[in-house]
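Reading through the structure tokens given below for one structure.
Numbering (our numbering), first residue to last: 203 to 397.
So, in structure tokens, the structure goes:
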């Protein structure tokens with residue numbers, strides 16, 4: 203489990219293509235300092251398992267299903283990524299409950315810079331629309347954000363200077379894909395009501 207509070211911006215240092223997967227190596231000095239084999243690290247909101255660790259880097263195996271369902275398949279060496287270690291029982295839950303199980307991808311539609319923050323509009327795919335509510339939480343590329351405006355087929359988030367400086371949303375532009383994870387509590391409530 204994660205909180206959606208990005209610990210650092212890392213960068214992809216190697217991608218090893220395999221027949222039905224890739225081995226992704228990421229530089230992230232903060233998140234790799236105490237990483238052990240088998241630990242979970244969220245990369246742009248995708249929960250990945252540490253398979254090897256180097257000096258300031260870690261490697262994870264990413265299967266085809268994850269590559270197809272998320273934006274990780276579009277990564278290239280040098281790309282920046284949001285990184286967060288899995289939380290512990292002592293961790294402050296500064297964002298919201300994030301599983302690292304990406305539901306789908308969306309596309310940045312518009313970006314409006316302000317004096318103190320940016321407004322970013324993101325396409326909201328049909329499959330998760332029912333889980334997204336005004337002023338509710340959504341995870342975008344592993345970042346816990348509040349829905350500032352909800353439209354028929356999109357939503358808007360307001361990014362403060364800290365988020366702009368510390369995450370990939372500081373430089374992503376219209377047309378760029380982002381990973382989306384809806385609030386797990388909404389999914390559980392729906393399931394309970396269906397029964």
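By construction, the Cβ of each residue, glycine as well, lies at the ideal position given by its N, Cα and C atoms.
| Item | Value |
| --- | --- |
| Tell me which residues share the same chain as residue 320 and place their Cβ nearer than 7 Å to its Cβ, disregarding the 5 neighbours each side in the sequence. | 313, 314, 361, 366 |
| I'd like the span of the beta strand (DSSP E) that includes residue 229, first residue to last. | 223-229 |
| Given this structure, state the Cα-to-Cα distance separating residue 210 from residue 395, to the nearest angstrom. | 38 Å |
| Kindly give me the distance between the Cβ atoms of residue 359 and residue 348, rounded to whole angstroms, as I take these residues to be in contact under 8 Å. | 7 Å |
| Should residue 384 go down as buried or exposed, given a rule of 16 or more other Cβ atoms within 10 Å for buried? | buried |
| Could you give the C-beta distance for residue 242 and residue 260, rounded to a whole number, given that I count them as a contact under 8 Å? | Wrong, their Cβ atoms sit about 11 Å apart, outside the cutoff. |
| Are residue 381 and residue 307 touching if we call contact CB-CB under 9 Å? | yes |
| Are residue 263 and residue 223 touching if we call contact CB-CB under 9 Å? | yes |
| Please list the terminal residues of the continuous beta strand (DSSP E) segment that includes residue 207. | First-last for residue 207: undefined, no H or E at that position. |
| Determine, using beta carbons only, whether residue 370 and residue 279 come nearer to each other than 9 Å. | no |
| What did DSSP end up calling residue 233 once you bin it into helix, strand or coil? | helix |
| Quick check on residue 310: does DSSP put it in helix, strand or coil? | strand |
| Between the alpha carbons of residue 266 and residue 353, how many angstroms are there, rounded? | 32 Å |
| Within a Cβ cutoff of 6 Å, which residues of the same chain sit near residue 275, ignoring the five residues on either side of it in sequence? | 269 |
| Is it the case that the Cβ atoms of residue 285 and residue 230 are separated by a distance below 9 Å? | yes |
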